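Structure record follows, encoded as structure tokens.
Numbering (the working numbering), first residue to last: -3 to 60.
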């Protein structure tokens, strides 16, 4: 794996604290994504550069 350095940048959104014990992180992160979509949080974020979430494995997930 090649290590690279990038310029700092800011992120905005919702957060969660979780643990990998007993597979809790899978449930917590799934619930977080459900909340993100249900509450339309992407639309509440000001000054967005894009209206979709980049995901290199799925070529992006469009949020309408």
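From the three backbone atoms N, C-alpha and C, an ideal C-beta is built for every residue, glycine too.
This one's a predicted model, so the numbers in the text were calculated from it and none came from an experiment.
Item	Value
From residue 9 to residue 3, what does the alpha carbon distance come to, in whole angstroms?	20 Å
Indicate the three-state DSSP secondary structure (helix, strand or coil) for residue 15 in the structure shown.	coil
Look up residue 41 in the DSSP assignment and say whether it is helix, strand or coil.	coil
I'd like the list of long-range same chain contacts for residue -3, defined as Cβ closer than 8 Å, with 5 residues on each side in sequence excluded.	none
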